[in-house]
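In the working numbering, the protein residues as written are 205 to 309. Where a beta carbon is used, it is the ideal one built from N, C-alpha and C, also for glycine. Remember, predicted model here, so these are calculated numbers, not experimental data. Written out below as structure tokens is the structure these notes cover.
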Amino acid sequence: GLYRELAELFLSMGRVERADEVALEWFENCGDGAAQLLRAQARYQRFLVDRRREDGRLVLELCQAAAKLLPRDERPLRLELELCSAIGAWRDARRLVSQLLEQSP
205 GLYRELAELF
215 LSMGRVERAD
225 EVALEWFENC
235 GDGAAQLLRA
245 QARYQRFLVD
255 RRREDGRLVL
265 ELCQAAAKLL
275 PRDERPLRLE
285 LELCSAIGAW
295 RDARRLVSQL
305 LEQSP
């Protein structure tokens, strides 16, 4: 819980790099899928500012890893959908909407 609160605090303060570092440490110590999701959120915020390809790719990887660790949680799919919509990846966005509708009709 402490890792989560600290990482969320850094993220809310706009300290994206520090939030990512704390979430990575959290994941390495606990293997929690929520840590991967928080890392994805941090990278997504950074992607929106810089539009760096590497950040976008990492957001996708982290969302997919979080979705595997949190199979019933919609948040990784929703974040991945947000990214796909932001970059115009409509085929992937439709696939994600379909998965979200299957999870909660």
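Below 7 Å CB to CB, which residues in the same chain sit around residue i once its five sequence neighbours on both sides are set aside?
i           : result
residue 303 : 281
May I ask you to report which of helix, strand or coil DSSP gives residue i?
i           : result
residue 242 : helix
residue 235 : coil
residue 259 : helix
residue 281 : helix
residue 276 : coil
residue 293 : coil
residue 308 : coil
Leaving aside the five residues before and after residue i along the sequence, list all residues of the same chain whose C-beta is less than 8 Å from its C-beta, in chain order.
i           : result
residue 222 : 214
residue 286 : 248
residue 294 : 288
Skipping 5 residues on each side, what residues in its chain have a beta carbon closer than 6 Å to that of residue i?
i           : result
residue 269 : 240
residue 260 : 251
residue 296 : 288
residue 210 : 226
To the nearest whole angstrom, what separates the beta carbons of residue i and residue j, a pair I think is in contact under 8 Å?
i           : j           : result
residue 263 : residue 238 : About 16 Å; that fails the 8 Å criterion.
residue 230 : residue 236 : 6 Å
Thinking C-alpha only, which one of the options is nearest residue i?
i           : options            : result
residue 306 : 275, 283, 292      : 275
residue 206 : 220, 217, 226      : 226
residue 212 : 293, 246, 235, 255 : 246
residue 257 : 220, 291, 217      : 291
residue 265 : 283, 255, 254, 253 : 283
What do you reckon, is the C-beta of residue i under 7 Å from a heavy atom of the ligand ATP?
i           : result
residue 269 : Judged by which ligands are present, the structure shown has none, so any question about the ligand ATP falls away.
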